[in-house]
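J.: In order, the protein sequences belong to chains A and B.
Its first residue numbered 1, the first sequence is counted upward by one per residue in the numbering used here.
Its first residue numbered 290, the second sequence is counted upward by one per residue in the numbering used here.
Quick reminder that beta carbons are idealized off the backbone N, C-alpha and C, glycines included.
Dropping the structure in here first, questions after.
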Amino acid sequence: MNRAEVQSLSARFTLRVDSRRLRGRAGERLGSGVGSSLEFQDYREYVPGDDVRHVDWAAFARRDELVVRLHREEISPSVEIILDTSASMASSAAKCERAREIATLIFETARRDRLRCILWVLGAGIERLDRSADIEARLERWTPAGALGIEALAQRPPQLTRRSIRVLVSDLLVPADPDIILRPLARDAASISVVQVLDTEEEHPDFRGGTRLEDVESGGSLDLVVSEEAVARYRKRLLALREAWSRSLRRNGGELAAINDAIALDAAAVGPLRDCGLLAVRGVEGGGS
Amino acid sequence: MIGNPLGLIALLAIPAIIGIHLFRRRFRRRSVAGLFLWASPGQDPSSGRRIHRLENNASLWLELLLALCAAIYLLDLRLGESASLPHEIIVLDDSLSMQAKSADGGAASRAREQIDELLREAGPRSQVSIVLAGSRPQVLIGPAAPAPTAREALETWQPRQAQADMPAALELARELAGPDAIVRVLSDLRPPEAMALEPRIDWIAVGRPVWNAALTALRRERGLADDAPDRIFVRIELFDPQGRGARPIEVRVHRGAAAGDPASLLVLRERHDVETEGGLRIELEIPAADAQGDLWISLSDDALPADGRAQLVRPPLRRVKVALLFAEDDPRRAFAARAVAAIPEAELFTPASGDDEPAHLLIGASELMRSADEAFAALPTNRATSFLRVGAALPEVESDGPAKDQTGGAANSDARVAEAPPLLGPFLSESGHPLLEGLSFDRVLWRGAGRLGENWTPLVSAGDWTLIGAEAANAERSFILNVALGRGSLVKSPDWPILVANLVAERRRRLPGSDRSNLRFGESLTLTLPATAKPMPNAEGEQNEAPEAVLIAPSGQRRELPPLSTLRLAGLDELGLWEVRRGEASFHRFAINALDARESDLRRAARDRRDPSSGELAEEESDTLVDPRLHFPLVLIGLFAFFMNWWVLRRPLARRDA
Numbered sequence: 001m002n003r004a005e006v007q008s009l010s011a012r013f014t015l016r017v018d019s020r021r022l023r024g025r026a027g028e029r030l031g032s033g034v035g036s037s038l039e040f041q042d043y044r045e046y047v048p049g050d051d052v053r054h055v056d057w058a059a060f061a062r063r064d065e066l067v068v069r070l071h072r073e074e075i076s077p078s079v080e081i082i083l084d085t086s087a088s089m090a091s092s093a094a095k096c097e098r099a100r101e102i103a104t105l106i107f108e109t110a111r112r113d114r115l116r117c118i119l120w121v122l123g124a125g126i127e128r129l130d131r132s133a134d135i136e137a138r139l140e141r142w143t144p145a146g147a148l149g150i151e152a153l154a155q156r157p158p159q160l161t162r163r164s165i166r167v168l169v170s171d172l173l174v175p176a177d178p179d180i181i182l183r184p185l186a187r188d189a190a191s192i193s194v195v196q197v198l199d200t201e202e203e204h205p206d207f208r209g210g211t212r213l214e215d216v217e218s219g220g221s222l223d224l225v226v227s228e229e230a231v232a233r234y235r236k237r238l239l240a241l242r243e244a245w246s247r248s249l250r251r252n253g254g255e256l257a258a259i260n261d262a263i264a265l266d267a268a269a270v271g272p273l274r275d276c277g278l279l280a281v282r283g284v285e286g287g288g289s
Numbered sequence: 290m291i292g293n294p295l296g297l298i299a300l301l302a303i304p305a306i307i308g309i310h311l312f313r314r315r316f317r318r319r320s321v322a323g324l325f326l327w328a329s330p331g332q333d334p335s336s337g338r339r340i341h342r343l344e345n346n347a348s349l350w351l352e353l354l355l356a357l358c359a360a361i362y363l364l365d366l367r368l369g370e371s372a373s374l375p376h377e378i379i380v381l382d383d384s385l386s387m388q389a390k391s392a393d394g395g396a397a398s399r400a401r402e403q404i405d406e407l408l409r410e411a412g413p414r415s416q417v418s419i420v421l422a423g424s425r426p427q428v429l430i431g432p433a434a435p436a437p438t439a440r441e442a443l444e445t446w447q448p449r450q451a452q453a454d455m456p457a458a459l460e461l462a463r464e465l466a467g468p469d470a471i472v473r474v475l476s477d478l479r480p481p482e483a484m485a486l487e488p489r490i491d492w493i494a495v496g497r498p499v500w501n502a503a504l505t506a507l508r509r510e511r512g513l514a515d516d517a518p519d520r521i522f523v524r525i526e527l528f529d530p531q532g533r534g535a536r537p538i539e540v541r542v543h544r545g546a547a548a549g550d551p552a553s554l555l556v557l558r559e560r561h562d563v564e565t566e567g568g569l570r571i572e573l574e575i576p577a578a579d580a581q582g583d584l585w586i587s588l589s590d591d592a593l594p595a596d597g598r599a600q601l602v603r604p605p606l607r608r609v610k611v612a613l614l615f616a617e618d619d620p621r622r623a624f625a626a627r628a629v630a631a632i633p634e635a636e637l638f639t640p641a642s643g644d645d646e647p648a649h650l651l652i653g654a655s656e657l658m659r660s661a662d663e664a665f666a667a668l669p670t671n672r673a674t675s676f677l678r679v680g681a682a683l684p685e686v687e688s689d690g691p692a693k694d695q696t697g698g699a700a701n702s703d704a705r706v707a708e709a710p711p712l713l714g715p716f717l718s719e720s721g722h723p724l725l726e727g728l729s730f731d732r733v734l735w736r737g738a739g740r741l742g743e744n745w746t747p748l749v750s751a752g753d754w755t756l757i758g759a760e761a762a763n764a765e766r767s768f769i770l771n772v773a774l775g776r777g778s779l780v781k782s783p784d785w786p787i788l789v790a791n792l793v794a795e796r797r798r799r800l801p802g803s804d805r806s807n808l809r810f811g812e813s814l815t816l817t818l819p820a821t822a823k824p825m826p827n828a829e830g831e832q833n834e835a836p837e838a839v840l841i842a843p844s845g846q847r848r849e850l851p852p853l854s855t856l857r858l859a860g861l862d863e864l865g866l867w868e869v870r871r872g873e874a875s876f877h878r879f880a881i882n883a884l885d886a887r888e889s890d891l892r893r894a895a896r897d898r899r900d901p902s903s904g905e906l907a908e909e910e911s912d913t914l915v916d917p918r919l920h921f922p923l924v925l926i927g928l929f930a931f932f933m934n935w936w937v938l939r940r941p942l943a944r945r946d947a
């Protein structure tokens with residue numbers, strides 16, 4: 001992994017967040033709720049129990065009624081990266097590398113944006129990492145080998161943080177309904193993005209002839225004479241799968257970014273990752289706090 | 290043990306499977322992440338087949354295991370003791386009474402149906418052994434023959450034996466099947482009391498009590514004169530389960546052939562009322578013209594026609610030729626001649642008659658028969674001739690006067706010149722000697738006995754006087770009557786003709802042939818063969834071999850008879866006409882008829898099955914029903930291999946379908 005390029009990109013980009021949907025612990029970003037920041041938001045009548053420090057005594061003097069000054073909430077929102085480390089992610093080294101780079105870019109960008117980051121690793125099980133050092137170390141030594149794919153998200157949904165920014169990095173090559181997987185993932189999310197990482201050969205198979213296709217995860221095999229027609233059918237199904245994920249994401253307020261190892265990381269950041277609304281150019285677009 | 294050799298064909302599946310795997314399509318392996326995107330229903334590889342190195346995979350081994358299990362199953366492979374299939378041991382009553390018919394069929398056909406049902410219950414792979422219970426047990430089917438063979442053999446089976454020896458048949462059945470096997474007995478009768486409690490017998494009675502008239506005794510006597518009629522003595526018995534008083538029975542006698550045969554001629558037909566109790570004894574007289582050959586007697590049809598029919602062979606004429614050797618004026622000649630004349634099957638032999646045959650019996654004065662060379666030269670005799678010497682060769686004395694030699698010759702050197710005092714019977718007799726049968730010598734005054742030498746064995750004696758003796762060296766055919774015939778009362782007593790008749794009968798028994806021509810089943814026949822001369826060279830110098838005697842059974846089976854002068858033929862277990870042949874010539878014919886009231890009495894016939902209710906029987910039966918073969922584990926292994934193979938092959942498909 002080219003860490004320098006990742007660091008450079010994380011400096012150029014920021015995570016695009018919609019503050020209206022953000023929630024989080026008290027932090028540096030304004031949340032959608034009422035908080036105690038210095039930014040004035042509104043007045044309302046005083047009700048017993050309100051903090052008397054927020055009573056606008058000047059207004060009381062003017063209007064002879066107790067009103068409370070409402071300020072914008074200051075929060076520190078979470079970014080949750082759900083990383084598919086099942087065996088299918090290692091179908092080629094380039095695919096594996098690209099997935100790691102994407103995950104690291106999001107992590108580094110979030111850290112640079114001073115966002116709290118949580119990494120969920122799907123593989124041998126569902127593992128949660130919330131300390132930056134652990135996340136960093138894990139992304140450094142990640143070797144996809146587990147049998148647990150993203151379909152596990154539907155069966156065993158992780159306890160995701162409410163109003164968090166959620167990013168799923170996977171190849172999405174599972175014969176499952178995207179809605180079933182996305183529904184628990186999108187619930188109470190501030191935003192959701194899915195980055196599909198594929199190998200070039202997975203997108204455009206270049207082998208032909210009699211082939212025993214062996215699934216890297218299930219161990220199943222299929223004897224097939226791979227012809228142009230078979231490849232065309234495969235491509236059609238792959239695109240249909242991707243389209244199904246896109247539709248499902250749109251229904252849940254998200255977008256899909258499809259990346260393969262032929263696309264350079266910076267091109268991916270500028271292209272699909274930015275197009276799907278996950279990244280924004282720092283200081284130019286409306287990202288950051 | 291291989292039960293079904295055709296199952297070997299199933300082993301061909303093994304090379305076939307290997308061949309399939311050798312030609313199985315091989316592809317380059319490629320790992321993919323989304324196999325489900327590749328699979329397409331109906332998509333089939335279209336490239337050709339090439340031989341590849343056999344791949345060691347689970348599917349190959351499971352398919353081979355499955356083929357092996359199927360082959361073993363079809364081979365009906367069995368191991369060790371468990372090699373035995375279900376084995377039905379059946380004892381089938383082969384006696385005549387099984388031929389009995391009733392309104393709902395015959396006992397034999399019911400037995401066939403019952404056996405068929407037993408074999409069906411035992412299963413198509415069952416084996417069967419059938420022992421026929423007759424006078425001697427006989428294996429009809431088996432041991433352990435396939436069930437279809439048994440059915441074929443039973444189609445042609447007809448019960449025909451005169452009686453059934455069930456214990457012997459059961460013993461043979463247990464030898465075939467082992468002592469612990471359950472023997473099924475099919476008979477028209479219920480089990481006898483002795484067998485009723487035996488636990489390993491499943492007794493199935495297939496009879497029906499019906500009325501039946503039967504011949505239970507028969508005898509044919511030949512008319513001695515050429516124009517004399519033959520007489521048949523018949524005993525008919527009626528067995529009626531309803532105990533009715535009498536039934537009209539028709540008795541018919543045919544000649545030429547049995548009734549119903551076109552060659553038969555009806556000789557006599559009589560109708561009699563036969564009582565249930567006591568039966569009926571009748572005497573039939575057959576005119577000489579009709580009595581020249583065999584006769585067939587039959588009763589009117591009833592439930593068991595077989596016991597109402599019999600063949601009667603005409604007994605051969607066997608006259609004993611008796612020669613007398615007395616002085617012309619000797620009164621003893623008259624005594625002897627008178628006694629011989631009273632015996633119907635004896636005739637006086639006179640050399641002048643021109644008969645070349647030697648005399649069978651020579652009765653003569655002792656003093657004339659002292660030396661065989663001297664005395665026998667006068668008359669033709671041979672080694673078979675019997676002798677009776679009369680008198681002790683003592684000088685004949687007048688009542689109280691001095692004794693004088695009756696023949697005027699010298700006194701017999703074997704006898705001492707001493708006369709016993711008058712002796713009054715009865716005397717001490719050797720029990721059971723055929724010569725003395727029926728003799729009592731009661732109040733017989735015996736006079737003129739002399740002392741005999743030690744070469745005479747006493748048959749009748751008084752004190753230390755031997756009155757009738759047998760020559761020690763020739764005890765069967767040389768006797769002495771130690772008496773002065775004219776002086777005592779022997780010739781006036783009934784014992785005298787009886788003694789001569791016994792002598793004639795004894796000699797007659799040793800005539801070639803047999804006294805008996807019509808026997809009841811189970812009787813034996815004593816047969817005397819002609820004395821065989823030593824092979825003598827003929828004119829061409831070749832030796833004439835004595836012809837071998839052969840016994841021919843009604844079924845045509847031939848048995849060579851041993852070269853003995855007297856034979857006792859026993860074990861004649863076939864009903865019908867038997868024949869003894871010497872060379873090409875018929876020597877003696879005789880018939881064996883059933884004549885067994887026990888078989889004819891169908892009142893005891895029953896139809897039921899002895900309830901095998903004893904715990905031991907039920908338990909044993911369940912033991913024998915356990916299928917000892919390998920089918921169960923084979924089926925389990927086969928099913929395991931099948932489903933495992935299905936699972937192994939289905940895994941990629943399942944993934945693909947999903």
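#1: Quick check on B:Tyr362: does DSSP put it in helix, strand or coil?
#2: Between which residues of its own chain and B:Ala547 is the CB-CB distance below 8 Å, once the five residues before and five after are set aside?
#3: Measuring only the C-alpha atoms, how far is A:Gln196 from A:Asn260?
#4: For A:Ala190, which of A:Leu160, A:Ser91, A:Glu203 and A:Asp179 has the nearest alpha-carbon?
#5: Quick one: does A:Phe207 have its CB under 8 Å from some CB of chain B?
#6: Looking at B:Arg449 and B:Leu381, is the spacing between their C-beta atoms short of 8 Å?
#7: Under the rule that 16 or more other beta-carbon atoms within 10 Å means buried, what is A:Arg128, buried or exposed?
#8: Show which residues of chain A have a CB atom less than 8 Å away from the CB atom of B:Arg319.
#9: For a test of the three-state rule: what should DSSP assign to B:Ser424, helix, strand or coil?
#10: For B:Gly802, which residues in the same chain have their Cβ closer than 8 Å to its Cβ, ignoring the five residues on either side in sequence?
#11: Under 8 Å between C-beta atoms, does A:Asp261 make it to chain B?
#12: Short of 7 Å Cβ to Cβ, which residues in the region 167-193 of chain A face chain B?
#13: Find the residues of chain A that neighbour B:Ser348, judging by a C-beta separation of less than 8 Å, and give them in chain order.
#14: Helix, strand or coil: which one does DSSP assign to B:Glu352?
#15: What ranges does the alpha helix (DSSP H) occupy inside the region 833-878 of chain B, keeping only unbroken runs of at least 4 residues that lie completely in it?
#16: DSSP puts B:Gln416 in a beta bridge; with which residues?
#17: Ignore the nearest five residues each way along the sequence and tell me which others in A:Ser132's own chain have a CB closer than 7 Å to its CB.
#18: Starting from the beta carbon of B:Phe316, find every residue of chain A whose beta carbon is closer than 7 Å, and list them in chain order.
#19: Can you tell me which of the three DSSP states B:Thr505 falls into?
#20: So A:Tyr43 and A:Arg3 are supposed to be a Cβ contact under 8 Å. How far apart are they, rounded?
#21: Roughly how many whole angstroms lie between the Cα atoms of A:Arg162 and A:Asp188?
#22: Please say whether A:Leu153 and A:Ile135 have beta carbons closer to each other than 8 Å?
#23: Assuming A:Ser134 is part of the alpha helix (DSSP H), what are its boundary residues?
#24: Of the residues that make up the region 231-250 of chain A, which ones have a beta carbon closer than 8 Å to any beta carbon in chain B?
#25: Can you find a C-beta in chain A that's less than 8 Å from the C-beta of B:Leu326?
#26: If you measure from the beta carbon of A:Glu202 to each beta carbon in chain B, is any gap under 8 Å?
#27: Distance, Cα to Cα, B:Gln846 vs B:Gly721?
#28: Select from B:Asn882, B:Ile298, B:Ala930 and B:Asp897 the residue whose C-alpha is nearest the C-alpha of B:Pro594.
#29: With burial defined as no fewer than 16 other Cβ atoms inside 10 Å of the residue's Cβ, what is the status of B:Thr949: buried or exposed?
#30: Does the beta carbon of A:Gly123 come closer than 8 Å to any beta carbon on chain B?
#31: Is A:Tyr234 helix, strand or coil when you go by DSSP?
#32: Would you kindly work out how many angstroms separate the C-alpha atoms of B:Leu301 and B:Val495, rounded to a whole number?
#33: Taking B:Ala780 as the reference, give the member of B:Val733, B:Val793 and B:Met658 with the closest Cα.
T.: Quick answer:
#1: Numbered from 1 along the second sequence, position 73 holds the residue referred to as residue 362 of chain B. Residue state, collapsed to three classes: helix.
#2: Within the second sequence, numbered from 1, the residue matching residue 547 of chain B stands at position 258. Here B:Ala547 has Ser553, Trp585, Ser587, Arg598 and Gln600 as same chain residues with Cβ atoms under 8 Å from its own Cβ, once five neighbours each way along the sequence are excluded.
#3: In the first sequence, residue 196 of chain A corresponds to position 196, counting from 1. In the first sequence, residue 260 of chain A corresponds to position 260, counting from 1. Spanning the two alpha carbons is a distance of roughly 8 Å.
#4: For this step, residue 190 of chain A is matched to residue 190 along the first sequence. Considering only alpha carbons, the answer is A:Leu160.
#5: Looking up residue 207 of chain A in the first sequence gives position 207. At least one chain B Cβ lies under 8 Å of A:Phe207.
#6: As a working mapping, residue 381 of chain B is identified with position 92 in the second sequence. As a working mapping, residue 449 of chain B is identified with position 160 in the second sequence. Result no, Cβ atoms of B:Leu381 and B:Arg449 do not sit closer than 8 Å.
#7: As a first step, residue 128 of chain A must be located in the first sequence, where it is residue number 128. That one is exposed.
#8: Start at 1 with the first residue of the second sequence, and residue 319 of chain B comes out as number 30. Correct list: Phe207, Thr211, Arg212, Leu213 and Glu214.
#9: Counting from 1 along the second sequence, the entry for residue 424 of chain B is found at position 135. Coil, per DSSP.
#10: One-based indexing of the second sequence puts residue 802 of chain B at position 513. Excluding sequence neighbours, B:Gly802 sits near Pro605, Arg607, Leu816, Thr817, Phe876 and His877.
#11: The residue you call residue 261 of chain A lines up with position 261 of the first sequence. Nearest CB-CB separation between A:Asp261 and chain B: not below the 8 Å threshold.
#12: Asp171, Leu173 and Pro175
#13: Here residue 348 of chain B is taken as the residue at index 59 of the second sequence, counted from 1. Below the 8 Å Cβ cutoff, chain A contributes no neighbours of B:Ser348, its closest Cβ being approximately 12 Å away.
#14: Start at 1 with the first residue of the second sequence, and residue 352 of chain B comes out as number 63. B:Glu352 falls in the helix class under three-state DSSP.
#15: none
#16: For this step, residue 416 of chain B is matched to residue 127 along the second sequence. DSSP lists B:His376 and B:Pro435 as partners of B:Gln416.
#17: Walking along the first sequence from the start, residue 132 of chain A turns up at place 132. Arg111 and Cys117, listed in sequence order.
#18: Within the second sequence, numbered from 1, the residue matching residue 316 of chain B stands at position 27. Correct list: Gly210, Thr211, Arg212 and Asp223.
#19: Translated into the one-based positions of the second sequence, residue 505 of chain B becomes position 216. Reduced to three states, the DSSP call for B:Thr505 is strand.
#20: In the first sequence, the residue the question calls residue 43 of chain A occupies position 43. In the first sequence, the residue the question calls residue 3 of chain A occupies position 3. Incorrect: roughly 50 Å between the Cβ atoms, too far for contact.
#21: Taking the first sequence and counting its residues from 1, the one referred to as residue 162 of chain A is at position 162. Taking the first sequence and counting its residues from 1, the one referred to as residue 188 of chain A is at position 188. Rounded to the nearest angstrom, the two C-alpha atoms are 5 Å apart.
#22: The residue given as residue 135 of chain A occupies position 135 in the first sequence. The residue given as residue 153 of chain A occupies position 153 in the first sequence. No; because the gap between Cβ atoms is not below 8 Å, this pair is not in contact.
#23: In the first sequence, the residue the question calls residue 134 of chain A occupies position 134. Looking at the sequence provided, one finds Asp at residue 134 of chain A rather than Ser. Residues Ser132 to Glu140.
#24: Those would be Arg233, Tyr234, Arg237, Leu238 and Leu241, in chain order.
#25: For the purposes of this step, residue 326 of chain B is taken as residue 37 along the second sequence, with counting starting at 1. So yes, B:Leu326 belongs to the interface.
#26: Position 202 of the first sequence, counted from the first residue, corresponds to residue 202 of chain A. Chain B, which has a Cβ nearer than 8 Å to the Cβ of A:Glu202, makes this yes.
#27: For the purposes of this step, residue 846 of chain B is taken as residue 557 along the second sequence, with counting starting at 1. For the purposes of this step, residue 721 of chain B is taken as residue 432 along the second sequence, with counting starting at 1. Taking the straight line from one Cα to the other gives about 37 Å.
#28: Here residue 594 of chain B refers to the residue found at position 305 of the second sequence. Taking B:Pro594 as reference, the option from B:Asn882, B:Ile298, B:Ala930 and B:Asp897 with the minimal CA-CA separation is B:Asn882.
#29: Any answer about residue 949 of chain B is impossible in this case: the structure gives chain B only from 290 up to 947.
#30: Stepping through the first sequence from its first residue, residue 123 of chain A is reached at position 123. The beta carbon of A:Gly123 sits no closer than 8 Å to any beta carbon of chain B.
#31: For this step, residue 234 of chain A is matched to residue 234 along the first sequence. Note: A:Tyr234 maps to helix in three-state DSSP.
#32: Within the second sequence, the letter at position 12 stands for residue 301 of chain B. Within the second sequence, the letter at position 206 stands for residue 495 of chain B. When rounded, the distance between both Cα atoms is 49 Å.
#33: Indexing the second sequence from 1 puts residue 780 of chain B at position 491. The sequence given here places Val at residue 780 of chain B; Ala does not occur at that position. The candidate whose alpha carbon is nearest that of B:Val780 is B:Val733.
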